[in-house]
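Colleague:
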Amino acid sequence: MTLSVAHLSDPHVTTGPSAQAPAAGLRAALHRVLALDPHPECVVITGDLAEHGRPEEYAALDEVLGAFPLPLHLMTGNHDAPKALVGAFGGTRFLGGGTTTTYQVEHPALSVAVLDSKVPGSPGGRLGPERLSWLDRVLARRPGVPAVVCLHHPPVPVGIPFLDAMRLADGPALADVVAAHPRVVRVLAGHVHRPVTAAFAGSTVAVAPSTYRQSGLVRREGLPGYTGEPASFLLHMAPEGPPGTTWVTHTVPVGDT
Numbered sequence: 118m119t120l121s122v123a124h125l126s127d128p129h130v131t132t133g134p135s136a137q138a139p140a141a142g143l144r145a146a147l148h149r150v151l152a153l154d155p156h157p158e159c160v161v162i163t164g165d166l167a168e169h170g171r172p173e174e175y176a177a178l179d180e181v182l183g184a185f186p187l188p189l190h191l192m193t194g195n196h197d198a199p200k201a202l203v204g205a206f207g208g209t210r211f212l213g214g215g216t217t218t219t220y221q222v223e224h225p226a227l228s229v230a231v232l233d234s235k236v237p238g239s240p241g242g243r244l245g246p247e248r249l250s251w252l253d254r255v256l257a258r259r260p261g262v263p264a265v266v267c268l269h270h271p272p273v274p275v276g277i278p279f280l281d282a283m284r285l286a287d288g289p290a291l292a293d294v295v296a297a298h299p300r301v302v303r304v305l306a307g308h309v310h311r312p313v314t315a316a317f318a319g320s321t322v323a324v325a326p327s328t329y330r331q332s333g334l335v336r337r338e339g340l341p342g343y344t345g346e347p348a349s350f351l352l353h354m355a356p357e358g359p360p361g362t363t364w365v366t367h368t369v370p371v372g373d374t
């Protein structure tokens with residue numbers, strides 16, 4: 118059976134006059150995930166779940182997620198508030214059944230490690246030695262089983278100066294951990310609002326587009342702004358084949374066009 122992970126990001130759910138478009142984008146993406154055949158092993162949403170990190174926004178997110186039937190894992194972005202996120206989803210399947218924003222989930226054929234890269238008061242990210250040591254221990258537990266490492270901030274520059282200034286500060290330290298564990302098939306990130314891939318520590322970094330709106334590809338200094346490009350998500354999959362088959366990534370548009 119083909120193993121796959123649906124990778125969504127940056128829905129920026131909110132309340133009030135601006136609430137309709139972000140919620141509609143996420144609903145459409147989740148609906149498209151359910152149209153995949155076969156269904157993915159799980160779905161991850163790599164941060165910026167809410168626009169302001171307010172409790173009422175996580176209540177709105179809960180309404181959108183509703184009774185979504187597949188395993189789904191949430192993580193913190195720079196727009197999120199970890200305490201409010203745990204208040205809304207702690208103890209549920211959306212945070213791996215626990216009450217922390219760094220956690221692991223062991224599926225039968227896949228390990229998912231979720232890292233909180235938020236730095237309070239900053240748009241940039243950092244993991245720090247404690248979380249990196251935790252990740253190293255987690256990845257050592259099921260050698261040979263594919264693993265995805267998930268966080269909000271990309272650990273590498275993506276070529277957009279405005280966004281590169283707020284990437285993961287300790288990307289090289291994360292690379293050291295990932296390089297020690299060949300079972301990591303993807304490092305999944307968001308934050309950029311564009312699909313981006315790059316080689317990383319013997320694996321691949323995959324940055325998902327937003328389910329809401331996409332950033333411009335501005336390769337000079339300055340604000341990238343938002344474009345009219347369609348929302349989409351990534352599907353990471355291991356095609357049927359012998360053990361060790363290389364994983365591939367598809368970009369899946371959301372909508373009718």
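Using the numbering used here, the letters of the sequence shown correspond one by one to residues 118 to 374.
Every residue gets a Cβ at the ideal spot worked out from N, C-alpha and C, and that includes glycine.
Note that the coordinates shown come from a computational prediction; the quantities given were computed from them, not determined experimentally.
Which term fits Glu168, buried or exposed, when burial requires 16 or more other beta carbons within 10 angstroms of its beta carbon?
Modeller: Per the 10 Å Cβ criterion, buried.
Colleague: Let me make sure I understand the geometry here. Which of His270, Leu280, Tyr220, Gly288 has the alpha-carbon closest to that of Arg337?
Modeller: It is Leu280 whose Cα lies nearest to the Cα of Arg337.
Colleague: Bridge partners for Glu223 per DSSP, in chain order?
Modeller: Answer is Ser228, bridged to Glu223.
Colleague: To the nearest angstrom, how far is the alpha carbon of Lys200 from that of Thr218?
Modeller: One C-alpha to the other measures close to 9 Å.
Colleague: For Ala176, name the three-state secondary structure that DSSP assigns.
Modeller: Of the three classes helix, strand and coil, the one that applies to Ala176 here is helix, per DSSP.
Colleague: Alpha carbon to alpha carbon, what distance is there between Pro172 and Ala325?
Modeller: Computed Cα separation, rounded: 25 Å.
Colleague: Taking contact to mean at least 3 C-beta pairs separated by less than 8 Å, is the segment 185-199 in contact with the segment 255-269?
Modeller: Cβ pair count under 8 Å is three or more, so yes.
Colleague: Nearest-angstrom Cα distance between Thr363 and Ala136?
Modeller: Rounded to whole angstroms, Thr363 to Ala136 spans 40 Å at the Cα level.
Colleague: Beta-carbon separation of Pro310 and Ser332 under 8 Å?
Modeller: According to the sequence displayed, residue 310 carries His and not Pro. The answer is yes: Cβ separation under 8 Å.
Colleague: Kindly identify the DSSP beta-bridge partner or partners of Phe317.
Modeller: According to DSSP, which records beta bridges pairwise, Phe317 is partnered with Ser320.
Colleague: Figure out for me which residue from Leu227, Val275, Ala282, Asp154 has the closest Cα to the Cα of Arg258.
Modeller: Ranking Leu227, Val275, Ala282, Asp154 by Cα distance to Arg258 puts Leu227 first.
Colleague: Near Phe317, which residues of its chain fall below 8 Å by C-beta distance, leaving aside the five closest residues on each side in sequence?
Modeller: Once the five neighbours on either side are set aside, the close Cβ partners of Phe317 are Pro272, Val273, Ala292, Val295, Val304.
Colleague: Could you compute how far the alpha carbon of Met283 sits from the alpha carbon of His148?
Modeller: Using only the alpha carbons, I get a separation of about 31 Å.
Colleague: Quick check on Ser349: does DSSP put it in helix, strand or coil?
Modeller: In the structure shown, Ser349 sits in a strand (DSSP, three-state: E or B).
Colleague: So the alpha helix (DSSP H) Asp146 belongs to, where does it begin and stop?
Modeller: Checking the displayed sequence, the identity of residue 146 turns out to be Ala instead of Asp. Start and end: 137-151.
Colleague: According to the Cβ coordinates, are Thr328 and Leu125 closer than 8 Å?
Modeller: For Thr328 and Leu125, yes; Cβs fall inside 8 Å.
Colleague: Do you know offhand how far Thr132's Cα is from His156's?
Modeller: In a straight line, the C-alpha of Thr132 is about 30 Å away from that of His156.
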